[in-house]
Amino acid sequence: MDLTLKIWRQENRTAKGRFETYLVRGISPDSSFFEMLDVLNQQLVDKFEMPVCFDHDCREGICGACGLYINGRPHGPDSAVTTCQLHMRKFKDGDTITIEPWRAKPFPIIRDLVVDRTAFDKIIEAGGYISVNTGGVPDGNAIPIPKKNADVAMDAASCIGCGACVAACKNASAMLFVSAKVSQYAMLPQGKVEAKERVKKMIAEMDELGFGNCTNTGACEAECPKEISLSHIARLNRELYAAKIL
Amino acid sequence: MTKLDSKIPQGPLADKWTNYKATQRLVNPANKRKLDVIVVGTGLAGASASASLGELGFNVKTFCYQDSARRAHSIAAQGGINAAKNYQNDGDSIYRLFYDTIKGGDYRAREANVYRLAEVSNTIIDQCVAQGVPFARDYGGLLDNRSFGGAQVSRTFYARGQTGQQLLLGAYSAMMRQVHKGSVKLYTRHEMLDVVVVDGKARGIITRNLVNGEIERHFAHAVVIATGGYGNAFFLSTNAMGSNGSAIWQIYKKGACFANPAFVQIHPTCIPVHGDFQSKLTLMSESLRNDGRIWVPANMEDAVAIREGRLKPTDIPEENRDYYLERRYPAFGNLVPRDVASRAAKERCDAGFGVGTGLAVYLDFAEAITRLGRDVVEQRYGNLFQMYEKIVDDNPYETPMMIYPAIHYTMGGIWVDYELMTTIPGLFSIGEANFSDHGANRLGASALMQGLADGYFVLPYTIQNYLSDEIMIPRMSTDLPEFKEAEAAVNARIDKLMSIKGKESVDSFHKRFGLQLWDTVGMSRNNTDLEKSVQIFTEMKEEFWKSIRIPGEKNSFNPELEKAGRVADFIEIGELMARDALNREESCGGHFREEYKTDEGEALRNDKDFMYVSAWEYQGEDKAPALHKESLIYENIKVQTRNYKK
Chain A
37 MDLTLKIWRQ
47 ENRTAKGRFE
57 TYLVRGISPD
67 SSFFEMLDVL
77 NQQLVDKFEM
87 PVCFDHDCRE
97 GICGACGLYI
107 NGRPHGPDSA
117 VTTCQLHMRK
127 FKDGDTITIE
137 PWRAKPFPII
147 RDLVVDRTAF
157 DKIIEAGGYI
167 SVNTGGVPDG
177 NAIPIPKKNA
187 DVAMDAASCI
197 GCGACVAACK
207 NASAMLFVSA
217 KVSQYAMLPQ
227 GKVEAKERVK
237 KMIAEMDELG
247 FGNCTNTGAC
257 EAECPKEISL
267 SHIARLNREL
277 YAAKIL
Chain B
2 MTKLDSKIPQ
12 GPLADKWTNY
22 KATQRLVNPA
32 NKRKLDVIVV
42 GTGLAGASAS
52 ASLGELGFNV
62 KTFCYQDSAR
72 RAHSIAAQGG
82 INAAKNYQND
92 GDSIYRLFYD
102 TIKGGDYRAR
112 EANVYRLAEV
122 SNTIIDQCVA
132 QGVPFARDYG
142 GLLDNRSFGG
152 AQVSRTFYAR
162 GQTGQQLLLG
172 AYSAMMRQVH
182 KGSVKLYTRH
192 EMLDVVVVDG
202 KARGIITRNL
212 VNGEIERHFA
222 HAVVIATGGY
232 GNAFFLSTNA
242 MGSNGSAIWQ
252 IYKKGACFAN
262 PAFVQIHPTC
272 IPVHGDFQSK
282 LTLMSESLRN
292 DGRIWVPANM
302 EDAVAIREGR
312 LKPTDIPEEN
322 RDYYLERRYP
332 AFGNLVPRDV
342 ASRAAKERCD
352 AGFGVGTGLA
362 VYLDFAEAIT
372 RLGRDVVEQR
382 YGNLFQMYEK
392 IVDDNPYETP
402 MMIYPAIHYT
412 MGGIWVDYEL
422 MTTIPGLFSI
432 GEANFSDHGA
442 NRLGASALMQ
452 GLADGYFVLP
462 YTIQNYLSDE
472 IMIPRMSTDL
482 PEFKEAEAAV
492 NARIDKLMSI
502 KGKESVDSFH
512 KRFGLQLWDT
522 VGMSRNNTDL
532 EKSVQIFTEM
542 KEEFWKSIRI
552 PGEKNSFNPE
562 LEKAGRVADF
572 IEIGELMARD
582 ALNREESCGG
592 HFREEYKTDE
602 GEALRNDKDF
612 MYVSAWEYQG
622 EDKAPALHKE
632 SLIYENIKVQ
642 TRNYKK
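Sequence lines, in order, name chains A and B. Quick note, my numbering runs 36 ahead of the 1-based positions in the first sequence. Quick note, my numbering runs 1 ahead of the 1-based positions in the second sequence.
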């Protein structure tokens with residue numbers, strides 16, 4: 037496949053960015069999207085130019101490091117995949133592909149397509165845990181948990197923290213990310229103890245960091261590579277009301 | 002000569018850890034506040050250690066190269082974590098987990114360490130449940146288990162095909178709680194480039210801030226290396242792109258011994274290589290071998306027809322299929338340990354029975370779907386099937402998966418004593434970065450167990466035995482000459498790399514080197530090739546420092562510079578792997594020497610001459626390293642030939 041790439045280049049956080057156009061040839065449809073970018077970067081190094089910087093690590097869809105806006109969609113045209121699992125067979129020979137970094141105020145650009153998602157860590161830091169120290173805990177089977185609840189907790193817990201939900205949202209809201217954590221713990225007896233404090237603290241931190249609110253458009257759910265359901269946001273809202281009113 | 006003192010406590014095996022804890026020295030809470038500990042790496046071992054040390058009251062500084070601590074490659078572990086809970090009432094026990102791990106490691110691991118690992122395994126499960134890790138449960142609400150290779154009991158706890166992710170997020174969350182409290186300070190996008198040794202003790206590290214290229218000095222009373230394995234030396238592996246051996250290589254060069262570098266795990270169930278531009282290999286969890294059956298065509302003409310696209314796997318009738326693992330190893334069948342399964346796949350493919358490109362075998366779920374129904378199979382393996390389909394564009398519910406062995410894990414690593422301390426006082430190594438528990442082959446679902454055992458339940462104790470002597474040592478200034486010298490050396494190396502301005506990209510060089518390493522120090526090794534490869538790697542090292550090209554600046558975000566430093570170290574690690582493989586004139590676990598095999602082609606150990614840990618000590622640039630031997634003594638287990646046939 038031969039492709040035209042329009043890629044956002046920006047030297048650092050404060051520099052002015054711009055689109056650059058590149059051509060790549062002879063790409064195998066079985067290549068992953070990043071293997072295609074590897075080919076481009078090899079070309080750039082051959083010309084002694086700076087390769088396109090992008091975040092990536094596991095390249096198997098689980099670390100959550102990757103995240104590109106491809107033709108205006110987070111993680112590109114395929115559904116339920118991260119950018120690293122997107123394969124070139126989803127494109128056609130001769131296509132022009134536009135590649136941008138996540139666009140959200142709480143995720144400032146570091147270089148080219150690399151953004152700073154420390155804000156997600158800060159939200160977890162504010163309360164995304166169960167406050168148990170190492171040691172002195174009861175036997176793993178001491179508290180039975182209905183399979184259905186454990187399964188819902190697992191659905192929520194499969195969030196990889198990539199930020200596609202924020203990038204997809206017109207409000208740059210982090211509600212799907214926050215709700216995944218809140219919902220996971222809300223479904224488990226171990227998480228009940230601090231449920232009220234947790235949801236309040238995490239939401240307050242989210243607001244503080246400049247993420248927007250949720251207006252139920254569902255864009256986050258549609259673009260989430262792990263198909264985290266909007267119903268977790270509903271659960272988060274119930275948890276929040278319970279925490280504030282009850 | 003560095004003396005290897007393993008510091009194994011006295012007393013019967015089952016009492017050693019209890020006795021150690023009862024008599025070790027501790028640090029009181031007021032003094033803990035005065036002590037700094039650096040942890041490098043935030044995988045299962047690093048994150049759990051940081052969280053636990055922070056909870057105890059130490060000042061912890063934790064470093065990772067990723068943008069978030071949650072992305073360390075433990076996240077990608079799929080299948081599960083072992084524990085000797087015996088919830089299934091199938092005869093499991095601490096002794097049996099210990100026994101299976103020693104046997105699985107082909108009698109090349111230390112008894113006392115492995116027993117302790119089995120002993121704390123149960124507590125890990127309890128801890129993770131308390132943290133809210135959503136393990137799989139059965140309809141009664143209790144924890145579910147599945148089977149893994151090398152065991153005849155079901156002792157593997159799991160969270161769908163994302164167990165590593167869930168355990169890591171548990172440890173990461175626990176650590177973030179300490180970050181919030183201020184007891185852990187987290188440095189993301191920082192790479193450790195050297196360790197600082199003052200008066201013979203580890204006292205800090207030099208790091209590079211990957212965002213702006215700044216070189217920084219950090220002091221601590223003790224340093225813990227939890228940076229994982231060096232499997233990426235091969236270029237193609239199941240490791241993350243950034244996984245590297247640089248931290249352990251730098252401490253090796255400062256005097257920490259490197260143990261069993263040749264012991265590398267080749268995982269039997271990975272998606273086969275598809276082309277020249279491939280950047281990494283994806284693992285398909287070993288748990289698939291619970292229900293999947295592995296086969297190749299029994300007739301050569303069928304294999305050829307499949308490779309040429311004239312036949313499909315579903316066209317091959319049952320009687321013309323060779324379920325070679327079930328044929329060769331009736332007792333364990335498709336659940337033989339990884340080294341055995343990998344070699345058996347290679348044997349069939351080398352004999353011409355491979356499918357796909359010729360370097361692949363089938364992993365077939367047709368029988369499981371008939372037996373259990375599609376729904377059950379989907380519930381157990383749905384996300385793995387989906388991942389396979391996204392990558393390969395084939396539907397494993399309808400046609401068998403294709404798999405082939407790939408580099409996955411390194412059993413070798415930094416030599417540590419029973420306290421997980423290296424040969425440099427005050428420098429510890431935990432998780433995959435050390436060598437201690439898996440001998441010559443690691444069993445499935447044991448890496449997660451070891452990472453969390455070290456971080457939650459072993460290091461937080463043993464490090465105090467060391468730190469109790471440090472309570473009178475005030476925090477040192479990073480303006481000490483030792484810090485300045487280490488920083489100057491790091492800067493000089495970066496300047497040298499940037500000044501090469503050669504012709505070849507780092508990736509291109511890494512690919513060439515990785516292929517060479519795979520060909521000679523991969524699944525099958527021999528004297529002639531190993532001798533040659535030591536020479537080749539020496540030459541490649543010289544070539545690297547003349548031919549590499551790094552665009553961009555050193556004082557900015559520059560992935561090419563990061564990769565260059567790592568590849569420079571991989572070349573040297575590769576040379577040490579070859580030396581170790583050459584020295585070990587036997588076949589054991591993942592180390593297979595063609596000269597040493599039984600008539601049936603099974604690995605042939607030489608216990609008389611090689612029942613030892615080979616620990617290599619750096620002697621200086623371009624000098625051969627010194628070999629130290631730690632004899633392995635088995636008092637509680639009868640050493641025998643591994644047999645998975647009956």
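Glycine residues also receive a C-beta, built at the ideal position from the N, C-alpha and C atoms.
Item                                                                                                                                                                                                   : Value
Strictly under 7 angstroms for the Cβ-Cβ distance: is Thr-164 (chain B) near chain A by that measure?                                                                                                  : no
Quick check on the burial criterion: 16 or more other C-beta atoms within 10 angstroms. Buried or exposed for Glu-263 (chain A)?                                                                       : exposed
Measuring only the C-alpha atoms, how far is Gly-227 (chain A) from Tyr-165 (chain A)?                                                                                                                 : 8 angstroms
Got a sec, what are the start and stop residues for the beta strand (DSSP E) Trp-416 (chain B) sits in?                                                                                                : It is not in any beta strand (DSSP E) - Trp-416 (chain B) carries neither H nor E in the DSSP assignment.
So, under 8 angstroms CB-CB, Cys-260 (chain A) and Ser-209 (chain A) are touching, yes? Tell me the CB distance rounded to an integer number of Å.                                                     : No, Cys-260 (chain A) and Ser-209 (chain A) are not in contact; Cβ-Cβ is about 13 angstroms, not under 8 angstroms.
If you draw a straight line from the alpha carbon of Glu-215 (chain B) to that of His-222 (chain B), how long is it in whole angstroms?                                                                : 23 angstroms
Determine the direct distance from the alpha carbon of Leu-143 (chain B) to that of Gly-62 (chain A), and round the result to whole angstroms.                                                         : 53 angstroms
What number of angstroms, rounded off, separates the C-alpha of Val-265 (chain B) from the C-alpha of Asn-233 (chain B)?                                                                               : 11 angstroms
Out of A:Ile-160, A:Leu-122, A:Ile-145, point me to the one whose CA is closest to Ile-106 (chain A)'s CA.                                                                                             : A:Leu-122
Listed in chain order, which residues of the region 180 to 204 of chain A have Cβ atoms closer than 7 angstroms to some Cβ of chain E?                                                                 : The chain inventory of the structure shown lacks chain E, comprising the protein chains A and B.
Of the choices B:Ile-39, B:Ile-317, B:Gly-276, whose alpha-carbon is the least far from that of Glu-302 (chain B)?                                                                                     : B:Ile-317
If we define contact as Cβ-Cβ less than 7 angstroms, is Leu-144 (chain B) a contact residue for chain A?                                                                                               : yes
Going residue by residue through the region 346 to 378 of chain B, where are the continuous alpha helix (DSSP H) segments of at least 4 residues, counting only ones entirely within it?               : 367 to 373
For Ile-76 (chain B), collect the residues of the same chain with a Cβ closer than 6 angstroms to its Cβ; drop the 5 residues on either side in sequence, then sort them by chain order.               : Gly-165, Gln-166, Leu-169
If you draw a straight line from the C-alpha of Val-341 (chain B) to the C-alpha of Val-297 (chain B), how long is it?                                                                                 : 16 angstroms
Is it the case that the region 114 to 131 of chain A contacts the region 44 to 61 of chain A, given that we only count it when at least three CB pairs across the two stretches are under 8 angstroms? : no
Just to make sure I have the definition right: I need the residues of chain A whose C-beta is within less than 9 angstroms of the C-beta of Lys-391 (chain B). Which are they?                         : Gly-97, Asp-114, Ala-116, Val-117, Gln-121, Leu-122, His-123
Please state whether DSSP places Gly-334 (chain B) in a helix, a strand or coil.                                                                                                                       : helix
Quick check: is the beta carbon of Phe-84 (chain A) nearer than 7 angstroms to any beta carbon in chain B?                                                                                             : yes
Are Ala-113 (chain B) and Lys-17 (chain B) closer than 7 angstroms when you measure CB to CB?                                                                                                          : yes
Which bits of chain B does Ile-160 (chain A) rub up against, with CB to CB less than 7 angstroms?                                                                                                      : Ser-174, Met-177
CB-CB under 6 angstroms to Pro-133 (chain B), same chain, minus the five flanking residues each way: which ones, in chain order?                                                                       : Checking the displayed sequence, the identity of residue 133 (chain B) turns out to be Gly instead of Pro. Within the same chain, Gly-133 (chain B) has no close Cβ partners at all.
Does Val-117 (chain A) come out as helix, strand or coil in the three-state DSSP assignment?                                                                                                           : coil
With a cut-off of 8 angstroms, do at least 3 Cβ pairs link the region 233 to 242 of chain B to the region 196 to 204 of chain B?                                                                       : no
Over what stretch of residues does the alpha helix (DSSP H) that includes Arg-178 (chain B) continue unbroken?                                                                                         : 164 to 182
Would you report the Cα separation of Leu-336 (chain B) and Trp-546 (chain B), rounded to the nearest angstrom?                                                                                        : 45 angstroms
Closer than 7 angstroms, CB to CB, is Asn-177 (chain A) near chain B or not?                                                                                                                           : yes
Where in the region 148 to 200 of chain A do unbroken runs of the alpha helix (DSSP H), each at least 4 residues long, occur, reported from the N-terminal end onward?                                 : 154 to 163, 183 to 193
Give me, in chain order, the residues of the same chain whose beta-carbon lies closer than 7 angstroms to that of Gln-128 (chain B); leave out the 5 immediate sequence neighbours on both sides.      : Tyr-457
DSSP on Trp-138 (chain A), reduced to helix/strand/coil?                                                                                                                                               : coil
Whole angstroms is fine: what's the gap from Ala-52 (chain B)'s alpha carbon to Asp-107 (chain B)'s?                                                                                                   : 33 angstroms
Note down the Cα distance separating Met-177 (chain B) from Asp-131 (chain A), rounded to an integer number of angstroms.                                                                              : 43 angstroms
Quick one: does Cys-94 (chain A) have its CB under 7 angstroms from some CB of chain B?                                                                                                                : yes
Are the region 144 to 156 of chain B and the region 92 to 102 of chain B in contact at 8 angstroms, needing three or more beta carbon pairs?                                                           : yes
Ser-267 (chain A) touches chain B at which residues, Cβ-Cβ below 7 angstroms?                                                                                                                          : Those within 7 angstroms of Ser-267 (chain A) in chain B number zero; the least Cβ separation is about 16 angstroms.
Figure out for me which residue from B:Ile-39, B:Lys-8, B:Thr-24 has the closest Cα to the Cα of Arg-476 (chain B).                                                                                    : B:Ile-39
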